[in-house]
Amino acid sequence: MTKLFRSAFLAALLTVSIVPATLAQTGDQPLSSQEVLRLVSQARGKVVVINFWASWCGPCRQEVPELIDLRKRLSPDKVLILGLSLDQDPSQYQNFIARAKFNYPVHLTKPDVAQAYSIRSIPRTVVYSPKGELVHSQEGYMPGAQLERIIQKHLGA
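With mature numbering (1 follows the signal peptide of the UniProt record, and there is no 0) applied, the sequence shown covers -21 to -1, 1 to 136.
The structure is reproduced here in C-alpha coordinates:
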(Lines of atoms letter the chains of each structure in order from A and count residues from 1; the text may use other names and numbers.)
(Lines give C-alpha, C1' and ligand atoms only; values in the text may rest on other atoms or scores of the structure.)
Protein backbone atom coordinates (compact mmCIF):
# COMPACT_ATOMS: atom_id res chain seq x y z
CA MET A 1 0.00 0.00 0.00
CA THR A 2 2.86 2.37 0.82
CA LYS A 3 4.40 1.70 -2.58
CA LEU A 4 1.09 2.50 -4.30
CA PHE A 5 0.72 5.73 -2.30
CA ARG A 6 4.29 6.76 -3.12
CA SER A 7 3.73 6.09 -6.84
CA ALA A 8 0.51 8.11 -6.82
CA PHE A 9 2.23 10.96 -4.96
CA LEU A 10 5.14 11.03 -7.42
CA ALA A 11 2.74 10.99 -10.38
CA ALA A 12 0.82 13.92 -8.89
CA LEU A 13 4.05 15.79 -8.21
CA LEU A 14 5.21 15.28 -11.80
CA THR A 15 1.87 16.46 -13.15
CA VAL A 16 2.09 19.67 -11.13
CA SER A 17 5.68 20.26 -12.23
CA ILE A 18 4.87 20.12 -15.94
CA VAL A 19 1.68 22.14 -16.11
CA PRO A 20 1.97 25.74 -17.27
CA ALA A 21 3.82 27.96 -14.84
CA THR A 22 0.74 30.05 -14.17
CA LEU A 23 -0.58 27.04 -12.26
CA ALA A 24 2.72 25.83 -10.80
CA GLN A 25 4.35 29.05 -9.59
CA THR A 26 3.04 29.29 -6.07
CA GLY A 27 5.01 27.26 -3.58
CA ASP A 28 7.62 26.14 -6.09
CA GLN A 29 10.67 24.75 -4.38
CA PRO A 30 13.98 25.29 -6.20
CA LEU A 31 14.98 22.39 -8.44
CA SER A 32 18.32 20.60 -8.10
CA SER A 33 20.35 19.45 -11.10
CA GLN A 34 19.11 15.89 -10.47
CA GLU A 35 15.50 17.08 -10.60
CA VAL A 36 16.17 18.90 -13.87
CA LEU A 37 17.67 15.73 -15.36
CA ARG A 38 14.62 13.79 -14.17
CA LEU A 39 12.30 16.22 -15.98
CA VAL A 40 14.36 15.86 -19.16
CA SER A 41 14.32 12.06 -18.99
CA GLN A 42 10.58 12.00 -18.30
CA ALA A 43 9.99 14.08 -21.42
CA ARG A 44 11.62 11.47 -23.67
CA GLY A 45 9.88 11.51 -27.03
CA LYS A 46 9.66 15.31 -26.96
CA VAL A 47 12.10 18.02 -27.90
CA VAL A 48 13.05 19.66 -24.60
CA VAL A 49 14.09 23.31 -24.48
CA ILE A 50 15.58 24.59 -21.24
CA ASN A 51 16.05 28.33 -20.95
CA PHE A 52 18.23 29.50 -18.06
CA TRP A 53 17.44 33.08 -17.07
CA ALA A 54 17.16 35.59 -14.23
CA SER A 55 14.76 38.45 -13.60
CA TRP A 56 17.56 41.04 -13.60
CA CYS A 57 18.97 39.90 -16.99
CA GLY A 58 17.92 42.18 -19.88
CA PRO A 59 18.51 39.67 -22.71
CA CYS A 60 16.68 37.02 -20.65
CA ARG A 61 13.64 39.27 -20.33
CA GLN A 62 13.83 39.89 -24.08
CA GLU A 63 13.64 36.13 -24.79
CA VAL A 64 10.58 35.46 -22.61
CA PRO A 65 7.92 36.84 -25.02
CA GLU A 66 9.49 34.83 -27.85
CA LEU A 67 9.38 31.64 -25.77
CA ILE A 68 5.76 32.38 -24.83
CA ASP A 69 4.97 32.74 -28.54
CA LEU A 70 6.75 29.46 -29.36
CA ARG A 71 4.78 27.70 -26.63
CA LYS A 72 1.54 28.95 -28.22
CA ARG A 73 2.52 27.64 -31.66
CA LEU A 74 4.24 24.34 -30.86
CA SER A 75 2.39 21.29 -29.59
CA PRO A 76 3.00 20.52 -25.91
CA ASP A 77 2.76 16.86 -26.95
CA LYS A 78 5.95 17.29 -28.98
CA VAL A 79 7.88 20.09 -27.26
CA LEU A 80 8.55 20.85 -23.59
CA ILE A 81 9.76 24.37 -22.87
CA LEU A 82 11.12 24.80 -19.36
CA GLY A 83 12.35 28.05 -17.83
CA LEU A 84 14.91 27.73 -15.05
CA SER A 85 15.61 30.86 -13.04
CA LEU A 86 19.01 31.45 -11.52
CA ASP A 87 17.62 34.28 -9.37
CA GLN A 88 18.99 34.17 -5.84
CA ASP A 89 16.16 36.28 -4.43
CA PRO A 90 12.86 34.36 -4.57
CA SER A 91 10.84 37.58 -4.29
CA GLN A 92 12.43 39.00 -7.47
CA TYR A 93 11.62 35.73 -9.23
CA GLN A 94 7.99 35.77 -8.01
CA ASN A 95 7.52 39.43 -9.00
CA PHE A 96 8.87 38.79 -12.49
CA ILE A 97 6.80 35.69 -13.20
CA ALA A 98 3.66 37.48 -12.00
CA ARG A 99 4.28 40.21 -14.61
CA ALA A 100 5.56 38.02 -17.47
CA LYS A 101 2.54 35.67 -17.61
CA PHE A 102 4.52 32.59 -18.57
CA ASN A 103 2.59 29.86 -20.40
CA TYR A 104 5.28 27.23 -19.81
CA PRO A 105 6.73 25.80 -16.58
CA VAL A 106 9.27 27.95 -14.77
CA HIS A 107 11.18 27.08 -11.62
CA LEU A 108 13.81 28.54 -9.36
CA THR A 109 16.96 26.44 -9.24
CA LYS A 110 19.39 25.40 -6.56
CA PRO A 111 23.03 26.56 -6.95
CA ASP A 112 24.16 23.12 -8.21
CA VAL A 113 22.20 23.62 -11.46
CA ALA A 114 24.46 26.43 -12.72
CA GLN A 115 27.49 24.29 -11.91
CA ALA A 116 26.08 21.13 -13.50
CA TYR A 117 25.32 22.97 -16.75
CA SER A 118 28.60 24.97 -16.65
CA ILE A 119 26.68 28.23 -16.89
CA ARG A 120 29.01 31.20 -17.04
CA SER A 121 26.54 33.71 -18.44
CA ILE A 122 22.84 33.96 -19.15
CA PRO A 123 20.59 33.63 -20.94
CA ARG A 124 21.55 30.12 -21.88
CA THR A 125 19.37 27.79 -23.90
CA VAL A 126 19.86 24.06 -24.24
CA VAL A 127 17.88 21.73 -26.49
CA TYR A 128 17.49 17.98 -26.09
CA SER A 129 16.31 15.70 -28.90
CA PRO A 130 13.32 13.38 -28.42
CA LYS A 131 15.92 10.68 -27.62
CA GLY A 132 17.19 12.74 -24.69
CA GLU A 133 20.46 13.75 -26.38
CA LEU A 134 21.84 17.27 -25.91
CA VAL A 135 21.74 18.69 -29.44
CA HIS A 136 22.23 22.42 -28.90
CA SER A 137 23.60 24.75 -26.23
CA GLN A 138 23.94 28.49 -26.61
CA GLU A 139 24.87 31.29 -24.25
CA GLY A 140 23.45 34.72 -24.97
CA TYR A 141 20.25 35.93 -26.54
CA MET A 142 18.65 33.51 -29.01
CA PRO A 143 15.96 34.87 -31.35
CA GLY A 144 12.76 32.85 -31.34
CA ALA A 145 13.03 32.13 -35.07
CA GLN A 146 16.49 30.57 -34.58
CA LEU A 147 15.25 28.43 -31.70
CA GLU A 148 12.22 27.33 -33.71
CA ARG A 149 14.47 26.16 -36.58
CA ILE A 150 16.50 24.07 -34.12
CA ILE A 151 13.32 22.59 -32.62
CA GLN A 152 11.80 21.81 -36.03
CA LYS A 153 15.01 20.11 -37.16
CA HIS A 154 14.75 17.66 -34.26
CA LEU A 155 10.99 17.13 -34.34
CA GLY A 156 11.35 15.10 -37.51
CA ALA A 157 14.41 13.16 -36.34
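Cβ atoms here follow ideal geometry from the backbone N, Cα and C, with glycine treated the same way.
| Asked | Found |
| --- | --- |
| Going by DSSP, name the residue or residues bridged to glycine 62. | Asn30, Val85 |
| Quick one: grab the DSSP three-state call for glutamate 118. | strand |
| Give me the residue from Arg17, Lys51, Asn30 with the minimum Cα distance to glutamate 42. | Asn30 |
| What does the alpha-carbon distance come out to for the pair serine 54 and glutamate 118? | 25 Å |
| The beta strand (DSSP E) that contains tyrosine 107, what's its start and end? | 103 to 107 |
| Quick check: glutamate 127 and leucine 59, are their CB atoms within less than 8 Å of each other? | no |
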